[in-house]
């Protein structure tokens, strides 16, 4: 019977291995909480047991309201407090039952991404922005420090930023995508470039100096790019022209 981690209205199935909880976007469960460290705690999961350990976090963890020393085993029903967030370990019943929200595998944005998707679908742009700001900022900081996330996670960050730009009308989220891929020294994904051609016409004034620096960087790398990437560079140059014409 698989172990589950209950967080708010979600039940996350715990696969065997290491399940990291923290504020970083790359954690298996990313929590938007200032009391939570980037990598705060880890669950160690196997077929028969689950244990938890603090990862040297600033505020530590509580298990059933007690601060543990070292790694501690958990039983179904145990409560783990990380920052101000409470998580509960449960176990799937032997009898089949309906699951309100399947959560077999969460993205690199964790629960925050799932909640933000719902908020955007409901037109709650401010709520989505609040949920995504911390993990997106974390990803940009990592890219600028030379420790970027994987390609899929970076693409999803740019996609979220583009959706936020359209939902909020804030040019800063377009600037975010430009700054992220400037730090990565790579062309933005084609789907993002296509979306941005529409979005830049609907938001405020862009940071044209950052966009100019990005275009110049891509031009210097043009000889090492394939045909499809060179086409993307042309499309990104087109973004600069659209921004200048507004």
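Numbering (my numbering), first residue to last: 20 to 265.
Positions of the beta carbon are idealized from the N, C-alpha and C atoms, including for glycine.
Computed from a predicted structure; not experimentally measured.
- A straight-line Cα-Cα distance of about 35 angstroms links residue 197 and residue 33.
- Here residue 237 is near residue 206, since their CB atoms are less than 8 angstroms apart.
- Remark: C-beta atoms of residue 200 and residue 155 do not approach each other more closely than 8 angstroms.
- The C-alpha of residue 208 is placed about 9 angstroms away from the C-alpha of residue 177.
- Between residue 41 and residue 59, the C-beta gap is smaller than 8 angstroms, which places the two residues in contact.
- Cβ contact annotation for residue 241 (same chain, cutoff 7 angstroms, sequence separation greater than five): 249, 252, in chain order.
- The shortest CA-to-CA distance from residue 110 to any of 234, 192, 217, 64 is the one to 64.
- Listed in chain order, the non-local C-beta contacts of residue 222 below 7 angstroms within the same chain comprise 184, 188, 189, 190, 193, local neighbours out to five positions each way being set aside.
- Out of 90, 22, 29, the CA that lies nearest to the CA of residue 67 is found in 22.
- When secondary structure is reduced to three states using DSSP, residue 55 falls in the coil class, being assigned neither helix nor strand.
- Partner residues in a beta bridge of residue 89, as assigned by DSSP, do not exist.
- In this structure, the straight-line span from the alpha carbon of residue 213 to that of residue 53 is close to 35 angstroms.
- The straight-line gap separating the alpha-carbon atoms of residue 87 and residue 27 is approximately 23 angstroms.
- If you look at residue 250, you'll find it in the alpha helix (DSSP H) that goes 246-264.
- DSSP places residue 191 within a helical segment (H, G or I) once states are collapsed to three.
- Burial state of residue 47 is buried, judged by a 10 Å Cβ sphere holding 16 or more other Cβ atoms.
- Counting C-beta atoms within 10 angstroms of its own C-beta, residue 210 has fewer than 16 neighbours from the protein chains shown and is therefore classed as exposed.
- Sequence-distant Cβ neighbours of residue 69 in its own chain, meaning closer than 8 angstroms and more than five residues away, are 22, 33, 62, 63, 92, 93, 108.
- Residue 77 is positioned such that its CB atom lies closer than 8 angstroms to that of residue 56.
- Here the alpha carbons of residue 82 and residue 218 stand approximately 46 angstroms from one another.
- Straight across, the Cα-Cα distance linking residue 202 with residue 166 is about 10 angstroms.
- Annotation for residue 212: the continuous alpha helix (DSSP H) segment containing it runs 209-218.
- 8 angstroms or more divides the Cβ of residue 259 from the Cβ of residue 220.
- The alpha-carbon of residue 228 is positioned some 14 angstroms away from that of residue 261.
- Counting other Cβ atoms within 10 Å of its Cβ, residue 239 stays below 16 and is therefore classed as exposed.
- Residue state for residue 32 is assigned as strand, using DSSP reduced to three classes.
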